[in-house]
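See below for the structure under consideration.
Residue numbers (our numbering): 188 to 525.
Shown next as structure tokens:
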């Protein structure tokens, strides 16, 4: 202390430079048992240098398994997988992480997850959806695809899927008639992927495929779909006839197609009306004939008033030369018979 007070400041600085310093023993930092290391390396490479190739990070999820490194997933990889599968961004990232960046394995995992999600949501009610139609190259197709909300029914991926479904029905199937069961079996994985993307239960409810080059289609906003086959139909007449069926909702084509027991039941109902109680039998017969004829205009397509004619002539009179063979009229979510 005396030396410090007597020597000028410059001499003191010189002393510090010339005299050796005493070695200071550092006290070790106490260990915190709750503190975990940020990263663990169990290989010879320097952490600063990192591995020779690839971008690696240690994931806390793997702790305390030492030396397990996971490839960092980039935004470009996630976007590529999303574009390929249509799954959500977080689902794609999780799939890539679980697959250690293996693109094909990530796709496989997403498909499995999609099927699992579809199975979990299969019991949820599907009251919305769309009916899609196509008639070209000797094939006419109708498909009803249901979802849970109107929002998803207008979703771009849902709409794109329905159009692609029509392509596959035309190209991958050859049956004529109702083929819903076969199509549902073929579309299991694709439906699973779509469920993963939109988050709702998706169901292919029914599918019809006709091998014909003489058919017309009409769609009323995707809510009602009509396909009609007949000889002598061109594109415009087929569209008009489809509009007729959509508007009038017939059950049969001609009176000859109506079951005899159903006609007898209608006559029984008409005859039981109180205003016929005291009338002669011959008058009652004429009245019943008139009532059945009127009923035919409600349930038989050929007897209905043609909606495109001002004089309201019947369909069979307006479309002379056209023979209607069969038709379907579907409405989204309607109750099915049987």
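The beta-carbon is built from N, C-alpha and C at its ideal position, and this holds for glycine as well. Since the model is a prediction, treat every value here as computed from it, not as a measurement.
### Query
Skipping 5 residues on each side, what residues in its chain have a beta carbon closer than 7 Å to that of residue 248?
Taking the first residue of the chain shown as 1, we reach residue 248 at position 61. Interpretation of residue 248 is limited by its pLDDT of 48, a score under 50 that renders its predicted location unreliable; no figure is taken from the coordinates.
### Task
Provide the residue(s) that pair with residue 514 in DSSP beta bridges, ordered along the chain.
Working through the chain shown from its first residue, we reach residue 514 at position 327. According to DSSP, residue 514 bridges with 415.
### Message
Please report the straight-line C-alpha distance between residue 330 and residue 263, rounded to a whole angstrom.
### Response
If you number the chain shown from 1, residue 330 lands on position 143. If you number the chain shown from 1, residue 263 lands on position 76. Distance between the alpha carbons of residue 330 and residue 263 is about 36 Å.
### Query
Below 8 Å, can you find three or more Cβ-Cβ pairs linking the region 390–405 to the region 483–500?
no
### Query
Quick one: what's got a C-beta closer than 8 Å to residue 508's C-beta in the same chain, skipping five residues either side?
Reading the chain shown from its first residue, position 321 is the one you call residue 508. Around residue 508: 419.
### Query
Ordered along the chain, which non-local residues of its own chain (more than five positions away) have a Cβ less than 6 Å from that of residue 387?
The count along the chain shown starts at 1 and reaches residue 387 at position 200. Hits under 6 Å: 334, 335 and 339.
### Message
So, at 6 Å on beta carbons, what are the nonlocal neighbours of residue 279 in its own chain, with the 5 sequence-adjacent residues on each side left out?
### Response
Position 92 of the chain shown, counted from the start, is the residue given in the question as residue 279. Same-chain partners within the cutoff: 265, 268 and 269.
### Message
Between which two residues does the beta strand (DSSP E) holding residue 326 run?
### Response
Here residue 326 refers to the residue found at position 139 when the chain shown is read from its first residue. Here the beta strand (DSSP E) through residue 326 covers 326–334.
### Query
Using 7 Å as the limit for Cβ to Cβ distance, is residue 444 near chain D?
No chain D is part of this structure, which consists of one protein chain only.
### Per-residue DSSP class, three states only, for residue 319
By 1-based counting over the chain shown, the position of residue 319 is 132. Looking at residue 319 - three-state DSSP - the assignment turns out to be strand.
### Query
Within this structure, are the beta carbons of residue 440 and residue 516 separated by less than 7 Å?
Residue 440 sits at position 253 when you count from the first residue of the chain shown. Residue 516 sits at position 329 when you count from the first residue of the chain shown. Going by C-beta atoms, residue 440 is not nearer than 7 Å to residue 516.
### Query
Where residue 505 and residue 451 are concerned, what is the direct C-alpha to C-alpha distance, given to the nearest angstrom?
On the chain shown, residue 505 is found 318 positions in, with the first residue counted as 1. On the chain shown, residue 451 is found 264 positions in, with the first residue counted as 1. Cα to Cα, the separation comes out at about 29 Å.
### Task
Go to residue 431, then tell me how far its beta strand (DSSP E) extends in each direction, as first and last residue.
Translated into positions along the chain shown, residue 431 becomes position 244. From DSSP, residue 431 is part of no beta strand (DSSP E) but of the alpha helix (DSSP H) over 422–435.
### Task
Starting from residue 406, follow the beta strand (DSSP E) in both directions and report where the run begins and ends.
Translated into the one-based positions of the chain shown, residue 406 becomes position 219. Counting along the chain, the beta strand (DSSP E) containing residue 406 begins and ends at 402–407.
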